[in-house]
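In terms of our numbering, the sequence shown opens at residue 7 and continues consecutively. Glycine included, every Cβ here is placed at the ideal spot set by N, Cα and C. Note that this is a predicted model, so its numbers are computed, not measured. Here is the structure we will look at, set down as structure tokens.
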Amino acid sequence: MERKGKIGLLPKLIIAIIAGILIGKFTPEQVVRLLATFNGLFGNFLGFSIPLIIIGFVAPGIGDLGKNAGKILGLTVAIAYGSTVLAGSLAYFADSAVFPHILSVGAMVSESAAHGNPEEALLAPFFIVEMPAIMGVMTALLIAFTLGIGMAAIDGGKLNEVMHEFQSIIEKLISVVIIPLLPLHICGIFANMTYGGEVQTIMSVFIKVYAVIIALHFTMLIVQYLIACSAAGKNPFKAIKNMIPAYFTAIGTQSSAATIPVTLQQTKENGVDEDVADFVVPLCATIHLSGSTITLTSCAIAVMMLHGMDVSFAAMLPFVMMLGICMVAAPGVPGGAVMAALGVLESMLHFSPTMLSLMIALYLAQDSFGTACNVTGDGAIAILVNKLTGKNARIPDASGQPVGAGD
């Protein structure tokens with residue numbers, strides 16, 4: 007049980023950002039360089055961990071899917087993945103239309119043009135300890151796919167146990183080491199950016215990007231329920247209303263897995279057959295991440311625009327499609343999705359360590375809303391799967407009587 011009075015991750019991040027700005031503005035250079043030294047060590051350790059995170063999440067996630075044969079599994083996976091890619095594509099087109107008008111494109115390049123490189127405006131650490139990764143990101147992805155598909159094909163029980171134990175180790179690494187140290191890391195990032203004169207640009211970006219992301223979350227939920235309820239002959243807005251408890255529970259827990267009991271209850275209140283709900287909701291808690299994809303895509307595009315990088319659809323679509331795979335079975339801890347996505351950001355979009363740190367800060371500060379969008383969308387997928395597998399969802403009206411077309 008969580009202790010009363012324990013400070014959550016979001017308040018810690020806010021405190022870290024404020025503290026970083028104050029440290030960068032009012033303390034001597036040596037203090038900022040000390041934080042920069044920690045950031046260098048933490049960033050290198052994160053780089054070392056990325057391939058392990060990919061293998062630890064993706065391989066057992068794919069292997070688990072193979073255990074549940076049948077039409078409903080393939081249908082649910084296909085719909086969840088399609089929803090995730092649709093969410094990322096929606097985010098790309100909306101961001102491309104809106105961000106150039108509300109963000110200063112290339113601002114982080116122009117502010118430090120005299121240095122020739124944006125990162126040269128930042129203070130260097132006192133020392134650097136190299137922590138080379140055991141393998142490259144793409145190698146880790148290929149190994150994860152090979153192991154996951156292989157475990158599903160041969161029903162490898164012993165290897166499956168090993169991979170799940172390895173996944174537990176990686177989850178502990180994230181929840182006990184990486185996540186607790188993130189506020190200090192972000193404090194150092196903002197201290198250094200304040201010292202280098204870049205923090206004003208970043209802070210002006212945060213609120214604007216978040217407003218767009220939240221609007222996209224609600225838009226995606228409406229699209230999901232319009233599609234699902236149109237197929238089932240139901241009222242989408244009544245269905246969304248029934249899922250509100252799951253939405254707010256997810257905001258509090260920041261975990262799709264921890265919200266499963268509430269999501270299940272509300273999905274069944276929408277008339278989804280119990281057997282369908284019991285299968286689809288827990289599965290979608292690990293494979294359906296439309297809200298997280300919207301957030302990651304939007305944050306990535308914002309960071310890229312600030313650095314004057316290419317944000318064409320040809321560059322972003324493969325990234326979005328890979329996100330849907332890499333985030334499979336992201337752990338039920340805050341920040342799991344962005345941790346799983348770091349390798350793709352680095353390998354496909356060529357993010358530098360500083361850009362990865364900005365992504366972590368941008369993502370974690372609104373992680374709970376992305377999770378809430380994920381779990382609420384799971385209810386729409388359950389309604390659609392219910393209909394397509396011969397079960398017709400009956401959404402009760404205010405009097406408790408089912409409404410809509412019959413079977």
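*Please work out which residues of its chain come closer than 8 Å, Cβ to Cβ, to Arg-39, disregarding the five sequence neighbours upstream and downstream, and give them in chain order.*
The residue labelled residue 39 in the question sits at position 33 within the sequence shown. Around Arg-39: Leu-129, Ala-130, Pro-131, Phe-132.
*Cβ-Cβ distance between Leu-4 and Met-333 below 8 Å*: The requested residue 4 is not part of the displayed model; the chain covers only 7 to 413.
*asked:* Just to confirm the assignment, what range does the alpha helix (DSSP H) spanning Phe-133 have?
replied: Here residue 133 refers to the residue found at position 127 of the sequence shown. It is not in any alpha helix (DSSP H) - Phe-133 carries neither H nor E in the DSSP assignment.
*Of the residues Gly-203, Lys-240, Met-310, which one's Cα is nearest the Cα of Phe-357?*
Against the sequence shown, residue 357 aligns to sequence position 351. Ranked by how close their Cα comes to the Cα of Phe-357, the residues Gly-203, Lys-240, Met-310 have Met-310 in first place.
*asked:* If contact is defined by three or more beta carbon pairs under 8 Å, each pair taking one atom from either stretch, is the region 370-386 in contact with the region 210-229?
replied: The region 210-229 is in contact with the region 370-386.
*Report back the beta-carbon spacing between Ala-65 and Cys-290 to the nearest angstrom; my notes put them in contact at under 8 Å.*
Here residue 65 corresponds to residue number 59 of the sequence shown, with the count starting at 1. Here residue 290 corresponds to residue number 284 of the sequence shown, with the count starting at 1. About 20 Å separates the beta carbon of Ala-65 from that of Cys-290, a gap too long to meet the 8 Å contact definition.
_For Ala-320, the first and last residue of its enclosing alpha helix (DSSP H)_ = Sequence index remark: in the sequence shown, residue 320 carries index 314 (1-based). Here the alpha helix (DSSP H) through Ala-320 covers 319-332.
_Inter-residue CB distance, Leu-81 and Val-391 (contact presumed, cutoff 8 Å)_ = Translated into positions along the sequence shown, residue 81 becomes position 75. Translated into positions along the sequence shown, residue 391 becomes position 385. The beta carbons of Leu-81 and Val-391 sit about 6 Å from each other, so the pair counts as a contact at 8 Å.
*Spatial neighbours of Met-249 within its chain, please: CB distance less than 6 Å, with the 5 preceding and 5 following residues excluded, ordered by chain position.*
Position 243 of the sequence shown, counted from the first residue, corresponds to residue 249. Once the five neighbours on either side are set aside, the close Cβ partners of Met-249 are Gln-272, Thr-382, Gly-385.
*Rounded separation between Glu-167 and Ser-174 - CA only*: Within the sequence shown, residue 167 is the residue found at index 161, counting from 1. Within the sequence shown, residue 174 is the residue found at index 168, counting from 1. Cα to Cα, the separation comes out at about 11 Å.
_Host alpha helix (DSSP H) of Phe-375 (start-end)_ = Taking the sequence shown and counting its residues from 1, the one referred to as residue 375 is at position 369. Here the alpha helix (DSSP H) through Phe-375 covers 373-394.
*Could you tell me if Val-414 is buried or exposed, where buried requires 16 or more neighbouring beta carbons within 10 angstroms of its beta carbon?*
Outside the displayed span of the chain (7 to 413) sits residue 414, for which this structure offers no information.
_In this structure, how does DSSP classify Asn-276 when only helix, strand and coil are distinguished?_
Position 270 of the sequence shown, counted from the start, is the residue given in the question as residue 276. Three-state result, Asn-276: coil.
_Extent of the continuous alpha helix (DSSP H) run through Asn-248_ = Start at 1 with the first residue of the sequence shown, and residue 248 comes out as number 242. Per DSSP, the continuous alpha helix (DSSP H) segment holding Asn-248 begins and ends at 242-248.
*Can you give the Cα-Cα distance for Ile-56 and Thr-145, rounded to whole angstroms?*
The residue you call residue 56 lines up with position 50 of the sequence shown. The residue you call residue 145 lines up with position 139 of the sequence shown. Taking the straight line joining both Cα atoms gives about 11 Å.
_Going by DSSP in three states, Ile-13 sits in which element: helix, strand or coil?_
By one-based count along the sequence shown, residue 13 stands at place 7. Here Ile-13 sits in coil by DSSP.
_Classification of Gln-3 by the beta-carbon crowding that lies within 10 angstroms, buried from 16 upward_ = Any property of residue 3 remains undetermined from this structure, which presents the chain solely from 7 to 413.
*Kindly confirm or deny that the region 208-217 and the region 304-319 touch, where touching means at least three C-beta pairs closer than 8 Å.*
Below 8 Å, enough C-beta pairs join the region 208-217 and the region 304-319 to call them touching: three or more.
*Which first and last residues belong to the alpha helix (DSSP H) in which Ala-146 is found?*
As a first step, residue 146 is located in the sequence shown; it is residue number 140 there, counting from the start. Start and end: 143-160.
*If you follow the alpha helix (DSSP H) that Ile-180 is part of, which residue opens it and which one closes it?*
Position 174 of the sequence shown holds residue 180. Counting along the chain, Ile-180 sits inside no alpha helix (DSSP H), nor does DSSP assign it H or E at all.
*Below 7 Å CB to CB, which residues in the same chain sit around Lys-31 once its five sequence neighbours on both sides are set aside?*
Position 25 of the sequence shown holds residue 31. Excluding sequence positions up to five before and after Lys-31, its CB lies within less than 7 Å of the CB of Thr-200, all in the same chain and listed in chain order.
*Neighbourhood of Ile-140 by C-beta, 8 Å cutoff - its chain only, sequence neighbours within 5 removed*: Within the sequence shown, numbered from 1, the residue matching residue 140 stands at position 134. Here the set comprises Phe-54, Pro-57, Leu-58.
*Which class does Gly-239 belong to by DSSP, given the choice of helix, strand or coil?*
Taking the sequence shown and counting its residues from 1, the one referred to as residue 239 is at position 233. Gly-239: coil per DSSP, three-state reduction.
*By how many angstroms is the C-alpha of Leu-28 removed from the C-alpha of Ala-22?*
Translated into the one-based positions of the sequence shown, residue 22 becomes position 16. Translated into the one-based positions of the sequence shown, residue 28 becomes position 22. If you take the alpha carbons of Ala-22 and Leu-28, they lie about 10 Å apart.
*Going by CA-CA distance only, name the one from Thr-292, Gly-297, Ile-246 that's closest to Lys-274.*
On the sequence shown, residue 274 is found 268 positions in, with the first residue counted as 1. Lys-274 has its Cα closest to that of Ile-246, out of Thr-292, Gly-297, Ile-246.
*Residue span of the alpha helix (DSSP H) that contains Val-350, given as start and end*: Counted from its first residue, the sequence shown places residue 350 at position 344. Boundaries of the alpha helix (DSSP H) harbouring Val-350: 342-354, taken from the DSSP string.
*Would you mind reading off the limits of the alpha helix (DSSP H) that contains Leu-364?*
As a working mapping, residue 364 is identified with position 358 in the sequence shown. Per DSSP, the continuous alpha helix (DSSP H) segment holding Leu-364 begins and ends at 359-370.
_Member of Asn-50, Ile-108, Leu-92, Phe-51 whose CA lies at the smallest distance from the CA of Ala-308_ = For this step, residue 308 is matched to residue 302 along the sequence shown. Ranking Asn-50, Ile-108, Leu-92, Phe-51 by Cα distance to Ala-308 puts Ile-108 first.
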